[in-house]
Each structure stands twice: as structure tokens, then as C-alpha cells.
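Heads up: the protein sequence lines correspond to chains A and B, in order. Sequential numbering of the first sequence, starting at 1, is according to the numbering used here. Sequential numbering of the second sequence, starting at 1001, is according to the numbering used here. Virtual Cβ for every residue (Gly too), placed ideally from N, Cα, C. Notes follow the structure.
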Amino acid sequence: GAGVSQTPSNKVTEKGKYVELRCDPISGHTALYWYRQSLGQGPEFLIYFQGTGAADDSGLPNDRFFAVRPEGSVSTLKIQRTERGDSAVYLCASSLPGGGGYTFGSGTRLTVV
Amino acid sequence: SQQGEEDPQALSIQEGENATMNCSYKTSINNLQWYRQNSGRGLVHLILIRSNEREKHSGRLRVTLDTSKKSSSLLITASRAADTASYFCATPPYGGSQGNLIFGKGTKLSVKP
């Protein structure tokens, strides 16, 4: 597609529920990144994929968070047993190999009530 | 943890004036990037400056980098109301994962018509 697409744009869930957030990167971008942004803060790194494999998952806060990219394109961020502190905007970005500037999606605003 | 710190946290100017935002970082870098974010959603890549460059221009944007002081500045000339947004600097850790782009907290720019 023309840009990075994230769905849903908004998600409200109850505490303790499971959620999946989807990211569809730009075609041909082998690198894909997930970030989380809280109000008034800069984006916080979660995980980075190069192709199908997670090259760096050091930013995932705990084992409730997991992400996959089975075919090297679409990625899903999965959060189990959601907590109110998980509420944030989850941003996905993609880039060409070798780094450079990232193209971000519009994000998914997750609200845990 | 934050690598880049933007200064000031907020800036309010009149249309037509120039806006200068500063970024300081802590460790050695390969490059430094500036992004713009409207309404707390997706970020837009503005410009990337490499560690061996001192100044770079793109339209009304001018970025400088001083590696001896570990600082960068973003100048927007002849500002417009549409420039109202938050601006972030970001750096990949030197020698670290290219995906672990670390963002500052941003400068919130308001341009009044």
C-alpha cells in the first residue's frame, strides 16, 4: 500500500482481556517496528523485525506482550491480560533495509478500562 | 530511557517567525533524525543528518549537528499555522540495533495565525 496501515484505529477493552493490534507496512519494507506512546511522552521502542524474525525485542515490557510477523509483511502485536497501564497509542513503522527514516502508521489508541 | 531531550518543551510563535528547537543526546551516534507529529498520532520523518555532517537543509527546514556538544537544532523558517505540531529528535544507539530508535519527549510548537 501507499503507507503504513494500522487497525483498528481505536480499541477499548476491559482489564484482563486479550487484544491484537495489526500493522500492514509499506510493500518492500523489510524492517518493521512497534512503538508505544503515552500522553506527553515520546514513542517508546517495543520490538523490531527484519523480515520474519524479531531482531530486537528488548523493549517489550513483560511476557504479556508478544508480536509476530509470520510472512515478513503484516505484523500483529498481541497483549494478554491487559492492564490499565497498557493504555497508550501503539505505533507501527516500517523502513527499507539499512535504516534511514521510518514511515509511521497513524497508530492504534488502546484504552483499557 | 530517553536518549534525546528536546528544548524547549513548548514554543509559541506568530506566523512568519522562525522557530528553533534543540536536541541534546547522551551517547555517540551514527545519525540523528527529526520527526513531526500532529495530534498525537503518526509521526512524519522530516530529515536525517549523519554524524559526519554538520548542516542539512530541506525546504524551510535547517538542521545542524554538533557532535562535540552532542546537540542538534531544527530551525523552521517563515513558520505557518500548519507547522503546529510536536517535533521529536531520535537517534539509533551507536552500535546498537538499528530498530531501537530512541525518541526524546518532544517540543510542542504552536504557530498562531
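If the five residues before and after Glu-1053/B are omitted, its C-beta is found closer than 8 Å to the C-beta atoms of Leu-1065, all from its own chain and listed in chain order. Cα atoms of Met-1021/B and Cys-1089/B: separation of roughly 10 Å, rounded to the nearest angstrom.
Of the candidates Thr-76/A, Arg-64/A and Pro-43/A, Thr-76/A places its Cα closest to the Cα of Gly-53/A. Asp-63/A carries a coil assignment under DSSP once its states are collapsed to helix, strand and coil. Contact annotation: in the region 1035-1064 of chain B, residues whose CB is within less than 9 Å of a CB in chain A are Tyr-1035, Gln-1037, Gly-1040, Arg-1041, Gly-1042, Leu-1043, Val-1044, His-1045, Leu-1046, Ile-1047 and Leu-1048. The continuous beta strand (DSSP E) containing Gln-50/A extends over residues 44-50. In this structure, the straight-line span from the alpha carbon of Glu-71/A to that of Gln-41/A is close to 32 Å.
The C-beta separation of Asp-56/A from Asn-1100/B comes to about 6 Å, placing the pair in contact by the 8 Å criterion. Cβ contact annotation for Ser-5/A (same chain, cutoff 7 Å, sequence separation greater than five): Asp-24 and Gly-105, in chain order. Secondary structure note for Arg-36/A: its beta strand (DSSP E) is the uninterrupted segment 31-37. A direct Cα-to-Cα measurement between Asp-63/A and Thr-30/A gives close to 25 Å.
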